[in-house]
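Q: The structure follows.
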Amino acid sequence: MEKYEKLEKVGEGTYGKVYKAKDTANGQLVALKKTRLEMDEEGIPPTALREISLLQMLSHSIYVVRLLNVEHADKNGKPVLYLVFEYLDTDLKKFIDYHRKGPNPGPLSPQVIQSFLYQLCKGVAHCHSHGVLHRDLKPQNLLVDKEKGILKIADLGLGRAFTIPLKSYTHEIVTLWYRAPEVLLGTSHYSTGVDMWSVGCIFAEMVRRQAIFPGDSELQQLLHIFRLLGTPTEEQWPGVSSLRDWHEYPKWKPQNLARAVPSLDLDGVDLLSKMLQYNPANRISAKAAMDHPYFDSLDKSQF
Amino acid sequence: MAANFWASSHCKQLLDPDDVDVLQPLDRERGLTQEEFKLIKIHMTNHIWKLAQQVKVRQRVIATAVTYFRRVYTRKSMTEYDPRLVAPTCLYLASKAEESTVQARLLVFYIKKMCSDEKYRFEIKDILEMEMKLLEALDYYLIVFHPYRALLQLLQDAGMTDLTHFAWGLVNDTYKMDLILIYPPYMIALACIYIASVLKDKETTAWFEELRVDMNVVKNISIEILDFYDYYKGDTCKGEPVKGIPEERINAALNKLATK
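Taken in order, these protein sequences are the chains called A and B.
All residue numbers for the first sequence refer to UniProt numbering, where the first residue is 1 and numbers rise by one.
All residue numbers for the second sequence refer to UniProt numbering, where the first residue is 1 and numbers rise by one.
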């Protein structure tokens with residue numbers, strides 16, 4: 001590991017610390033993701049293996065963070081695996097926070113929101129077309145290059161390749177705020193729609209500079225959603241009341257979505273409403289989202 | 001693992017036939033012959049298969065493990081990478097990559113139960129150490145596609161689902177060769193369907209024509225498979241595992257490597 005000089009710790013990933021470091025050979029900045037290996041038990045954690053193999057497959061898209069190298073090292077006799085990623089200076093959470101409570105608070109410009117959302121859809125479409133669900137999309141997992149205005153998907157530790165049709169996956173995955181209602185309600189089959197719900201929540205958050213559904217428990221999370229979008233009915237979402245964790249809820253009427261994102265234009269509100277469809281089958285796909293009129297004013301040739 | 005073969009690392013990793021089944025210089029120095037190299041790979045494929053049946057994993061985990069095993073030896077010598085350790089470690093790694101992890105201690109336990117020969121027996125730490133070396137040898141490309149799903153879809157499409165059992169067995173046997181490193185999985189599936197249909201007197205010319213695939217490739221794969229059966233026929237019948245390699249020949253070959 002003499003090849004890299006650690007500069008500072010920048011965060012905790014799903015299964016280890018992340019450092020900012022410099023490649024001593026060429027001065028290039030990299031992110032080192034350290035994975036502890038409990039070698040006396042079960043070797044390399046399957047989550048790390050999964051991330052490595054998925055990244056090997058996906059990282060030729062510029063909208064997915066690039067895995068540059070994998071380094072195997074010994075630390076005090078204990079084996080450690082370092083995933084070496086390209087370095088980006090910030091993530092979308094910090095970027096939004098900066099616009100909310102930085103020295104010059106103010107909204108993200110509509111152009112930035114539009115461009116970031118497009119890149120996010122492009123990255124998600126790339127994952128989905130390779131048969132990979134991310135399952136944990138949230139602003140912290142979206143890396144941002146402020147200078148170049150580039151957004152990339154990171155942290156695929158929970159991502160998993162899917163084969164259609166899907167069987168049940170473990171439930172404890174998505175951070176509550178971005179978790180799709182079908183996951184919250186305990187569905188046994190879920191698919192690309194779970195990521196698109198998260199994309200919708202992230203879209204709204206860029207506009208509002210705060211989370212649209214900030215629940216602190218699974219029930220609270222559902223109630224946040226229901227209060228804004230109305231309590232779902234069998235008519236709009238066939239089968240919802242037979243999902244495992246469905247209970248009788250207060251019957252809220254849907255509110256006007258535009259009021260939750262007052263600075264967003266009509267096309268934007270329309271796209272958001274298509275991402276926040278209750279019935280996962282009706283939710284817009286990443287690929288279709290990229291063709292939505294909301295992006296008509298965007299110069300797509302740059303992507 | 002993933003749904004799209006064409007976009008996968010497996011697709012990009014397909015090898016030229018000339019780069020597969022090539023004896024490494026170090027192994028050649030030890031006096032290993034091309035034939036023995038092939039035999040060891042067949043034998044170890046069977047070893048993985050038997051071990052997998054003990055620990056009860058899905059078919060695709062076995063197929064992935066064998067693919068790793070064969071890919072390793074396009075790059076590494078058997079002298080440095082003892083096949084008797086690489087084989088179970090490939091199964092271990094494949095079980096993780098395919099999300100049905102088998103504990104290392106279970107593998108160690110069943111190997112001891114299966115093999116009386118000391119040279120096949122390893123400890124957990126040996127497997128874990130080899131796991132890391134294999135990852136590097138495989139360049140961390142772990143996603144592998146197999147012919148099974150394509151086989152079922154194609155047989156359905158051809159209206160020949162009655163051939164499923166037979167063709168499935170043929171696909172299993174293709175892992176005793178290096179075909180999975182060279183050809184797209186659906187082409188291997190087509191070759192197996194082709195053989196099955198010829199042997200069972202099914203008329204498939206029109207169906208194959210409609211597929212618009214390169215029939216020369218399908219036929220070449222088929223010939224390789226049939227040659228393989230011819231050569232290693234021993235007392236096997238088609239679609240059944242090859243059992244015809246005498247233990248002494250394998251041991252003589254492995255002894256040349258003199259690992260452990």
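Virtual Cβ for every residue (Gly too), placed ideally from N, Cα, C.
From what residue to what residue does the beta strand (DSSP E) around P79(A) run?
A: Its beta strand (DSSP E) spans residues K78 to E86.
Q: Beta-carbon within less than 6 Å of A289(A)'s beta-carbon, same chain only, minus the 5 sequence neighbours each way: which residues are those?
A: The residues are C121.
Q: DSSP three-state call for Y141(B): helix, strand or coil?
A: In the structure shown, Y141(B) sits in coil (DSSP, three-state: anything other than H, G, I, E or B).
Q: Give the list of continuous alpha helix (DSSP H) stretches no shorter than 4 residues that lie fully inside the stretch 92-160 of chain B.
A: Whole alpha helix (DSSP H) segments, 4+ residues: 104-114, 124-137 and 147-158.
Q: Which class does H72(A) belong to by DSSP, given the choice of helix, strand or coil?
A: Three-state DSSP puts H72(A) in a strand.
Q: Counting only beta-carbon atoms, is E86(A) nearer than 8 Å to chain B?
A: Output row for E86(A): interface = no.
Q: Touching or not, the stretch 69-86 of chain B and the stretch 14-24 of chain B, by the rule of three or more beta carbon pairs under 8 Å?
A: Because the criterion of three Cβ pairs below 8 Å is met, the stretch 69-86 of chain B and the stretch 14-24 of chain B touch.
Q: CB-CB under 8 Å to G128(A), same chain, minus the five flanking residues each way: which ones, in chain order?
A: It should be noted that the sequence gives His, not Gly, for residue 128(A). For H128(A), where only same-chain residues beyond five positions count, the Cβ hits under 8 Å are T192, D195, S285, A286 and K287.
Q: Going by DSSP, what residue range makes up the beta strand (DSSP E) through V18(A)?
A: Looking at the DSSP string, the run of the beta strand (DSSP E) that includes V18(A) is K17 to D23.
Q: Give me the residue from L58(A), A204(A), K20(A) and N279(A) with the minimum Cα distance to L133(A).
A: The shortest Cα separation from L133(A) among L58(A), A204(A), K20(A) and N279(A) belongs to L58(A).
Q: Classify L185(A) as helix, strand or coil using the three-state DSSP reduction.
A: In the structure shown, L185(A) sits in coil (DSSP, three-state: anything other than H, G, I, E or B).
Q: Quick one: give me the first and last residue of the beta strand (DSSP E) that D145(A) is part of.
A: That run of the beta strand (DSSP E) goes L142 to D145.
Q: Quick one: is Y140(B) near chain A, going by C-beta distance under 8 Å?
A: Judged by the 8 Å Cβ criterion, Y140(B) is in contact with chain A.
Q: Helix, strand or coil for A180(A), going by three-state DSSP, please let me know.
A: In the structure shown, A180(A) sits in coil (DSSP, three-state: anything other than H, G, I, E or B).
Q: When burial is assigned at 16 or more other CB atoms within 10 Å of the CB, is Q56(A) buried or exposed?
A: With 16 or more Cβ atoms within 10 Å of its Cβ, Q56(A) is classed as buried.
Q: Does DSSP classify D91(A) as helix, strand or coil?
A: Here D91(A) sits in strand by DSSP.
Q: Taking C-beta pairs closer than 7 Å, name the residues in chain B that V70(A) reaches, listed in chain order.
A: Going along chain B in sequence order, the residues near V70(A) (Cβ under 7 Å) are Y140.
Q: Can you say whether R135(A) is buried or exposed, counting buried as having 16 or more other CB atoms within 10 angstroms of its CB?
A: So R135(A) counts as buried.
Q: Cβ closer than 7 Å: which chain A residues qualify as neighbours of I96(B)?
A: A small fix is needed here, since residue 96(B) is Lys in this sequence, not Ile. By Cβ distance, chain A contributes P46 and L49.
Q: Taking only the alpha-carbon atoms, compute the straight-line gap between L166(A) and K3(A) and give it to the nearest angstrom.
A: Note that L166(A) scores 36 on pLDDT, short of 50, meaning its location in the model is unreliable; the coordinates nonetheless yield the value given after this. The alpha-carbon atoms of L166(A) and K3(A) are separated by roughly 42 Å.
Q: Which of the three DSSP states, helix, strand or coil, is assigned to T79(B)?
A: Coil at T79(B), not helix or strand.
Q: Between the stretch 101-130 of chain B and chain D, which residues of the former have a C-beta closer than 7 Å to a C-beta of the latter?
A: As a matter of chain content, chain D is missing from the structure shown, whose protein chains are A and B.
Q: Taking T35(A) and V80(A) to be in contact with their CB atoms under 8 Å, please state how far apart those CB atoms are, rounded to whole angstroms.
A: Sure, about 7 Å apart at Cβ, within 8 Å.
Q: Measuring only between beta-carbons, confirm whether S168(A) sits less than 8 Å from chain B.
A: With a pLDDT of 39 at S168(A), under the threshold of 50, the modelled position of this residue cannot be trusted, and the question is left open.
Q: Nearest chain B C-beta to I52(A) closer than 8 Å, yes or no?
A: Answer yes: the Cβ-Cβ gap between I52(A) and chain B drops below 8 Å somewhere.
Q: Please state the DSSP three-state secondary structure of D19(B).
A: D19(B): helix per DSSP, three-state reduction.
Q: Here's the rule: buried if 16 or more other CB atoms are within 10 angstroms of the residue's CB, otherwise exposed. What is S95(B)?
A: S95(B) is buried by the Cβ-count criterion.
Q: Give the straight-line distance between the Cα atoms of D91(A) and N104(A), rounded to the nearest whole angstrom.
A: Each residue's Cα considered, the two are about 18 Å apart.
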